[in-house]
Amino acid sequence: MSKSPSLLSRLAALVLPRPENRVVLPDLEAGDSLIYAVGDLHGCRALYRDLEAMIVADAQSIGLAPIIVLLGDMIDRGPDSAGLLDDLTNPAAAGLRRVAVMGNHEAMMLEFLASPKKNVTWLSFGGTETLASYGLQLDEADVQRLSERRLQQIFEAHIPESHRSFLSSLPFGFTQGSLVFVHAGINPGYALDEQPQDAVLLGAGVAEPVDGLIVVQGHIVVTSPDLSQSRIMVDTGAYKTGILSAVRLGGNQMPSVLTCTAVQGGKAKASHRVEAALRPMPQIDRT
Numbered sequence: 032m033s034k035s036p037s038l039l040s041r042l043a044a045l046v047l048p049r050p051e052n053r054v055v056l057p058d059l060e061a062g063d064s065l066i067y068a069v070g071d072l073h074g075c076r077a078l079y080r081d082l083e084a085m086i087v088a089d090a091q092s093i094g095l096a097p098i099i100v101l102l103g104d105m106i107d108r109g110p111d112s113a114g115l116l117d118d119l120t121n122p123a124a125a126g127l128r129r130v131a132v133m134g135n136h137e138a139m140m141l142e143f144l145a146s147p148k149k150n151v152t153w154l155s156f157g158g159t160e161t162l163a164s165y166g167l168q169l170d171e172a173d174v175q176r177l178s179e180r181r182l183q184q185i186f187e188a189h190i191p192e193s194h195r196s197f198l199s200s201l202p203f204g205f206t207q208g209s210l211v212f213v214h215a216g217i218n219p220g221y222a223l224d225e226q227p228q229d230a231v232l233l234g235a236g237v238a239e240p241v242d243g244l245i246v247v248q249g250h251i252v253v254t255s256p257d258l259s260q261s262r263i264m265v266d267t268g269a270y271k272t273g274i275l276s277a278v279r280l281g282g283n284q285m286p287s288v289l290t291c292t293a294v295q296g297g298k299a300k301a302s303h304r305v306e307a308a309l310r311p312m313p314q315i316d317r318t
């Protein structure tokens, strides 16, 4: 009797090395908890604090434990990446579980910190704002002028090791039943446990999921969270629009959208809507 391909691939994974640049997506192990998937934060610390408080209150009103899944790109572009990482590396509020996935901006920052001269282009993708949040004013000319040793001394003096450890330990995603939580999507040409890194981080080769999967992602900015039968898109461009969003899933509840909007000189405005059903996925213009 022949074994199924899925079983053969699992057996092969036990004895063969994982192909280079393929990633593992661990089980979220959410149980009956409510899952709140949050779009790209991009250094918007104040907005995230307001949204997290809203999430905690929402979960308390339902009577279930909340799990927050941050969908990557927590840093860069916005005003306070350092402060946000302070919050994320501190314990979550009692009863709240908080996890995060790697985004392309976290990957770029780690590459820059490891080898700044080779990865100096990160500065033009929001890295300048992130370094400024640590009290560092470095431009590309400074990076090229200073020695690698001096740069590492500067980083060690300004960027806490807890922040670097947090970023380097981020998984590339999670699965929970039919839900797949990643930053930029999945490539259906590869098994879920063999996804290419450039697919989950950058959206390379991403297409509609198969086998009943629902991908929950950030990376692509949408006007408001878009819930479809195969993909849920949550990034509402917080650093540009002042709008940070989350989608509530699980807990035997209808899907729900929670949004905080920055208000000049005051507390963020909160809104909440319940989705009647997941809709067919619209075509996305990637040009």
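Just so we're on the same page, our numbering is the position in the sequence shown counted from 1, plus 31. Quick reminder that beta carbons are idealized off the backbone N, C-alpha and C, glycines included.
Is the beta carbon of residue j closer than 7 Å to that of residue i?
i: A299; j: L78; result: yes
i: D111; j: G74; result: yes
i: I93; j: L280; result: no
i: F212; j: V174; result: no
i: I98; j: S146; result: no
i: G243; j: S196; result: no
Could you name the residues of the same chain whose beta carbon sits closer than 8 Å to that of residue i, not counting the 5 residues immediately before and after it, in chain order?
i: M140; result: I106, D107, W153, G158, T161 and L198
i: N150; result: M139, E142 and F143
i: D104; result: D71, L72, H73, G134, N135, H136, E137, H214, G249, H250 and D266
i: L223; result: L56, T206, V211, I217 and L244
Going by the DSSP bridge assignment, what does residue i pair with across the sheet?
i: F274; result: According to the sequence provided, residue 274 is Ile. The question's Phe does not apply to it. Looking at the DSSP assignment, I274 forms a beta bridge with T292.
i: A131; result: L101
i: L182; result: According to DSSP, which records beta bridges pairwise, L182 is partnered with nothing at all.
i: M264; result: Q248 and D257
i: Y67; result: I99 and R279
i: R176; result: R176 is not bridged to any residue.
i: P227; result: R53
i: F205; result: F212
i: S302; result: T290
i: I58; result: Note that residue 58 corresponds to Asp in the displayed sequence, not to Ile. T206.
Which word fits residue i, buried or exposed, when buried means at least 16 other C-beta atoms lie within 10 angstroms of its C-beta?
i: M122; result: Reading off the sequence, residue 122 comes out as Pro, not Met. So P122 counts as exposed.
i: N283; result: exposed
i: S287; result: buried
i: G11; result: Here the chain comprises residues numbered 32 to 318, so residue 11 is not present and cannot be evaluated.
i: P227; result: buried
i: M32; result: The predicted position of M32 is uncertain, since its pLDDT is 36 and thus under 50; no value can be drawn from it.
i: L39; result: Note that L39 scores 41 on pLDDT, short of 50, meaning its location in the model is unreliable; the coordinates nonetheless yield the value given after this. Under this definition L39 is an exposed residue.
i: R180; result: exposed
i: D89; result: buried
i: R76; result: buried
i: Q91; result: exposed
i: G234; result: buried
i: R262; result: buried
Within a Cβ cutoff of 6 Å, which residues of the same chain sit near residue i, ignoring the five residues on either side of it in sequence?
i: V130; result: V100
i: V241; result: P219
i: F203; result: V54, M133 and V231
i: V46; result: Annotation note: pLDDT 41 at V46 (below 50); position unreliable, no value reported.
i: L119; result: none
i: G236; result: N218 and A230
i: S35; result: Model confidence at S35 stands at a pLDDT of 35, short of 50, so the residue's coordinates are unreliable and nothing is read from them.
i: D81; result: C291 and A299
i: P256; result: V265, S276, V278 and V288
i: R128; result: I98
i: Q207; result: L59 and A61
i: V252; result: D266 and G268
i: I315; result: Reliability of the predicted coordinates at I315 is poor, the pLDDT of 36 falling under 50, and the value obtained from them is presented with this limitation in mind. Result list for I315: empty, nothing under 6 Å.
i: E225; result: R53
What does a CB cutoff of less than 7 Å around residue i pick up in its chain, not counting 5 residues either side in sequence?
i: F186; result: L144
i: G126; result: A96
i: E60; result: none
i: H189; result: Y165, G166 and L167
i: P57; result: P202 and F205
i: V87; result: P97, A124 and L127
i: L169; result: L162
Report the residue from the options whose alpha carbon sits nearest the alpha carbon of residue i.
i: T267; options: G243, T292, L127 and M285; result: T292
i: V69; options: L177, Q207 and L102; result: L102
i: Y221; options: I274, E239, H214 and L210; result: E239
i: A215; options: S209, M264, R195 and E171; result: M264
i: A172; options: Y165, L182, S164 and G166; result: L182
i: G114; options: S193, P97 and A88; result: S193
i: S269; options: M285, V294 and R262; result: For the sequence presented, residue 269 should be read as Ala rather than Ser. The option with the nearest alpha carbon to A269 is V294.
i: G324; options: Q207, T254 and M285; result: Because the chain here runs from 32 to 318, residue 324 falls outside it and cannot be looked at.
i: A124; options: E225, Q207 and E83; result: E83
i: L177; options: S200, F156 and K148; result: K148
Shorter than 7 Å from the beta carbon of residue i to some beta carbon of chain D?
i: M105; result: The structure shown contains no chain D; it holds only a single protein chain.
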